[in-house]
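First residue of the sequence shown? That's 53 in the numbering used here, and the numbers climb one at a time after it. Report on one structure; see the data block that follows.
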Amino acid sequence: MTEKFDITLNINGRDYAVRTEARRTLVDVIRDDCGLTGTHIGCEHGICGACTVILEDEAVRACLMFAVQANGKKIRTVEGLANGDTLHPIQQAFIDHHGLQCGFCTPGFLMLAVNVLERQPDIGDEDMLDVLASNLCRCTGYQNIIKAVRAAAMEMRKIAATEGHYPSPSSGRAGWGSFRGTVSPVAPHPALRATPPRRRGGIVPTSPLRRKSPWSPPRWRAASRKAQRAACRVRRRSRD
Ligand code: FES
Ligand code: FES
């Protein structure tokens with residue numbers, strides 16, 4: 053008989069007690085056991101980012117984690133972004149700039165963008181594109197997604213300038229993130245810690261996966277960071 057474990061997930065400030073097998077992924081438990089179906093499942097291989105949630109202030113692929121690994125941890129999902137009827141600036145920006153078509157990728161993009169804007173409010177355009185490139189939109193609505201994230205960044209900076217800090221539960225806007233610092237840049241987003249390979253000598257490593265997609269605008273061909281690293285390794289090996 054498969055052993056089950058009792059775990060507690062703190063999702064959007066609420067505790068969910070769950071009994072689950074060790075083999076089940078975090079995204080499955082969030083959707084099936086906690087009933088929070090806003091987090092989507094796409095590839096289940098860590099490529100598309102549709103399942104992105106924020107775990108302890110870091111955006112993660114919920115399809116690549118076991119639920120038992122998140123036991124006792126704080127998780128934020130797309131359901132926790134709005135504060136009642138008041139949308140988070142990133143949600144409003146996606147509406148205003150038509151940042152979604154079918155909307156399948158949207159929860160993942162929202163959580164990724166919120167996480168990076170909270171961690172690096174003053175992030176530059178180039179770096180923002182690198183971070184967003186880790187998620188895929190099957191409708192290829194990238195230009196509007198970029199516009200929406202830029203607009204949300206401006207709006208969040210405005211709020212930070214008037215209120216002295218980013219929107220957060222402590223500012224009376226529960227659900228608007230857990231960032232409590234000032235507007236000055238904080239630690240870089242994990243996706244940016246390594247210099248993107250394409251900056252080195254202007255080489256643009258395109259992954260075999262992305263090269264196959266005729267729908268991908270050139271900027272987005274290097275979307276999978278894992279594939280980027282693999283491509284770089286191959287390149288280095290072939291140079292040596
Ligand atoms: S479903 Fe998790 S990355 Fe695609
Ligand atoms: S809006 Fe359809 S997948 Fe992105």
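C-beta atoms are modelled at their ideal positions from N, C-alpha and C, and glycine is treated no differently.
Bridge partners - residue i, DSSP secondary structure assignment
{"i": "Glu110", "result": "Leu107"}
{"i": "Leu61", "result": "Tyr68"}
{"i": "Thr77", "result": "Phe118"}
{"i": "Asn135", "result": "Thr138"}
Spatially closest choice to residue i from the options, by CA coordinates
{"i": "Arg71", "options": "Asp84, Cys157 and Ala185", "result": "Asp84"}
{"i": "Lys126", "options": "Ile59, Asp137 and Ala212", "result": "Ile59"}
{"i": "Asp182", "options": "Ala145, Leu164, Glu110 and Gln144", "result": "Leu164"}
{"i": "Gly124", "options": "Val201, Arg289, Phe57 and Ala205", "result": "Phe57"}
{"i": "Arg66", "options": "Gln121, Gly132, Val112 and Ile106", "result": "Gly132"}
{"i": "Leu293", "options": "Ala122, Val105 and Glu73", "result": "With the chain represented from 53 up to 292, any question about residue 293 goes unanswered, as that position is not in the structure."}
{"i": "Ile99", "options": "Leu188, Ala111 and Asp174", "result": "Leu188"}
{"i": "Met180", "options": "Ala205, Arg190, Gly193 and Cys191", "result": "Ala205"}
{"i": "Glu170", "options": "Glu178, Gly136 and Glu108", "result": "Glu108"}
{"i": "Ala185", "options": "Pro173, Asp174 and Val168", "result": "Val168"}
{"i": "Gly90", "options": "Ala134, Asp177 and Leu116", "result": "Ala134"}
{"i": "Asp177", "options": "Arg190, Ile198 and Cys191", "result": "Ile198"}
{"i": "Tyr194", "options": "Leu162, Ile175, Lys210 and Arg209", "result": "Leu162"}
{"i": "Ile175", "options": "Thr192, Cys191 and Arg209", "result": "Arg209"}
Extent of the continuous alpha helix (DSSP H) run through residue i
{"i": "Lys125", "result": "Counting along the chain, Lys125 falls outside any alpha helix (DSSP H), and DSSP gives it neither H nor E."}
{"i": "Glu215", "result": "Tyr194 to Glu215"}
{"i": "Leu181", "result": "Asp177 to Leu184"}
{"i": "Val166", "result": "Thr158 to Arg171"}
{"i": "Gln143", "result": "Pro141 to Asp148"}
C-beta contact flag for residue i and residue j at 8 Å
{"i": "Val166", "j": "Ile142", "result": "yes"}
{"i": "Ala145", "j": "Glu207", "result": "yes"}
{"i": "His149", "j": "Ala111", "result": "no"}
{"i": "Thr54", "j": "Leu88", "result": "no"}
{"i": "Gly151", "j": "Asn196", "result": "yes"}
{"i": "Leu78", "j": "Ala114", "result": "yes"}
{"i": "Ile63", "j": "Ile82", "result": "yes"}
{"i": "Phe118", "j": "Ala69", "result": "no"}
{"i": "Pro173", "j": "Ala212", "result": "yes"}
Stretch pair the segment 89-105 + the segment 141-159: three plus CB contacts closer than 8 Å: Cβ pair count under 8 Å is three or more, so yes.
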